[in-house]
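Please read the structure below before turning to the comments.
In the working numbering, the protein residues as written are 3 to 298.
Laid out in structure tokens, this is it:
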């Protein structure tokens, strides 16, 4: 083989790698699941978080905060591409008592009516513990979501799909995001939900190897059954980085959360499995589905 041919092959290889990176790594991204919480500001300011998102070419993001008004601060720093959801956690320890406070419903309606918030959530449930999904406060929040035509981001830790499936079947007029694809649930569980509820979007946030896991191979591409399900329902999947890191640290919950320092690592993971999908499906998950979800 001549030197000229070797040089051409070498240059073509470099160009191909560069082109692939330009096409995929720098595509605009809708991060459908971020948090900016009270225990993160010591590590990352609101402006720092906005800068991180911009550097990652995030053109749209859904943020939920504890306390909830911190999401508004992020939007003020960044602009209207940052979309705040009303979190029922209206104070620092709001996860402990939101389901007993009528003030939560009042503040939610004020925020939705004024146009400050564009959805509700993230709302957390764990089977076997309080609150339950039939809690009065939560049911009132669902009615507000229906009234103002906004999505609800719901987190349910359970061994099966039953609790979430009952919710989406009872509320077909409310857009629902199933956070973390149910945490530990399998494709068969999620398939049952998507087969029966057209009002549901499945969120792959925190299904990375460092937290819930369970959706990808060692090379970070989707496991075959997950990939099959995504290709079957390409309009119903979204994803996000969910930059909360305390859940990985065991006994150090008293320290500030450094999740925003992990943003690049988390984003690279999600691009890895999305890049393994057909281009039209990748574009839906990385951008178009979140835009459709937020459209009234």
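Ideal placement from N, C-alpha and C gives every residue a C-beta, glycine not left out.
Check	Outcome
Alpha helix (DSSP H) runs wholly inside the stretch 129–182, at least 4 long, in chain order	138–150 and 164–172
Residue 25 (DSSP reduced to helix, strand or coil)	At residue 25, the pLDDT of 41 sits below 50, so the modelled position is not reliable and the matter cannot be decided from this model.
Three-state secondary structure (DSSP) of residue 86	strand
Within 8 angstroms, strictly: CB atoms of residue 154 and residue 178	yes
Neighbour flag for residue 174 against chain C, beta carbons, 8 angstroms	Here chain C cannot be found, since the structure has a single protein chain.
Where residue 132 falls, given that 16 or more other Cβ within 10 Å makes a residue buried	exposed
Element boundaries [beta strand (DSSP E), containing residue 202]	202–205
Residue 267 classed as buried or exposed, judged by whether at least 16 other C-beta atoms fall within 10 angstroms	exposed
Length of the line joining the Cα atoms of residue 87 and residue 120	5 angstroms
Rounded straight-line distance, which links the Cα of residue 294 to that of residue 218	26 angstroms
8 angstroms CB neighbourhood of residue 49 in its chain, flanking five on each side removed	79
Whole-Å CB distance - residue 222 paired with residue 271, under 8 angstroms assumed	6 angstroms
Residue from 108, 185 and 111 whose Cα sits closest to the Cα of residue 213	185
Residue 324 burial status per 10 Å Cβ neighbour count (16 or more: buried)	The structure shown does not extend to residue 324, since the chain spans only 3 to 298, so no value can be given for it.
First through last residue of the beta strand (DSSP E) which encompasses residue 33	31–37
Every unbroken beta strand (DSSP E) within the stretch 185–268, with a cutoff of 3 residues, ordered by chain	202–205
Environment of residue 172 [buried if 16+ CB atoms lie within 10 Å]	exposed
Cβ distance (whole Å) where residue 63 is taken to contact residue 89 below 8 angstroms	So it is not a contact: roughly 15 angstroms between Cβ atoms.
N- and C-terminal bounds of the alpha helix (DSSP H) containing residue 104	104–115
Proximity below 8 angstroms, CB of residue 2 to CB of residue 205	Nothing about residue 2 can be reported from this structure: the residues present for the chain run from 3 to 298 only.
Residue closest to residue 139, alpha-carbon to alpha-carbon, out of 107, 113 and 114	107
6 angstroms CB neighbourhood of residue 203 in its chain, flanking five on each side removed	179, 238, 240 and 295
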